[in-house]
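Enquirer: Below: one structure in structure tokens.
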Amino acid sequence: MNIYEALKGVPNKKRLYFLWKFSLHWDQTKRPKSEKEFLKTVGNKTLNGFLSWEKTEEYRNLVAILLNTRFDSDLEDIYNSLSDKAKEGDEKSIKLLLQIGKEIKGFAREAVRQLKQEDDDEDDLVL
Numbered sequence: 010m011n012i013y014e015a016l017k018g019v020p021n022k023k024r025l026y027f028l029w030k031f032s033l034h035w036d037q038t039k040r041p042k043s044e045k046e047f048l049k050t051v052g053n054k055t056l057n058g059f060l061s062w063e064k065t066e067e068y069r070n071l072v073a074i075l076l077n078t079r080f081d082s083d084l085e086d087i088y089n090s091l092s093d094k095a096k097e098g099d100e101k102s103i104k105l106l107l108q109i110g111k112e113i114k115g116f117a118r119e120a121v122r123q124l125k126q127e128d129d130d131e132d133d134l135v136l
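Each residue of the sequence shown is one higher than the one before, counting from 10 in the working numbering.
This is the structure:
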């Protein structure tokens, strides 16, 4: 599940706050809204309600999903950097790349299993 899917079940104002706080809007060409502009958009006078929400489990779960997504992106960057060093002959990078390769293959097998299970679950639907 990505952050946008997770936010679908969140009330609109809270969803907009989360998107604003973490700069997750699709159109990155627009400048980010200031706090004042954001509050005007959602019709609130202060951020107090949102700051209280930040202390809830729902908010912590959303942050965890967001950080997991960002970690995946960082992992891809690390893999590419490591791969380049290994191709240049760096022995430590070669060993580490082989080790990471085994782990990635394990994750990929699990992903395929989960995708197949989802497909099987959809096939059982009765209309």
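By construction, the Cβ of each residue, glycine as well, lies at the ideal position given by its N, Cα and C atoms. This one's a predicted model, so the numbers in the text were calculated from it and none came from an experiment.
#1: Are there three or more Cβ pairs, one per stretch, closer than 8 Å when the stretch 47-64 is compared with the stretch 15-24?
#2: Which whole runs of the beta strand (DSSP E) in the stretch 52-97 are 3 residues long or more, in chain order?
#3: Go ahead and label L84 buried or exposed: buried means 16 or more other beta carbons lie within 10 angstroms of its beta carbon, across all protein chains shown.
#4: Check whether the stretch 70-85 and the stretch 12-21 touch, using three or more Cβ-Cβ pairs below 8 Å as the test.
#5: Just to confirm my understanding: we take L91, look at its own chain, exclude 5 residues before and 5 after, and list those with CB closer than 8 Å. What are they?
#6: Measure the C-alpha to C-alpha separation of R69 and F27 and round it to an integer number of angstroms.
#7: Taking the beta carbon of W29 as the centre, do at least 16 other beta carbons fall within 10 Å, making it buried, or is it exposed?
Expert: Let me lay it out:
#1: Yes, the stretch 47-64 touches the stretch 15-24.
#2: Segments of the beta strand (DSSP E) lying fully in the stretch 52-97: there are none.
#3: L84 should be labelled exposed.
#4: Per the Cβ contact rule, the stretch 70-85 is in contact with the stretch 12-21 (3 or more Cβ pairs under 8 Å).
#5: Within its own chain, the residues whose Cβ lies closer than 8 Å to the Cβ of L91, once the five positions on either side in sequence are excluded, are S102, L105, L106 and I109, listed in chain order.
#6: Taking the straight line joining both Cα atoms gives about 11 Å.
#7: Counting the other CB atoms within 10 Å of its CB gives W29 a total of 16 or more, which places it among the buried residues.
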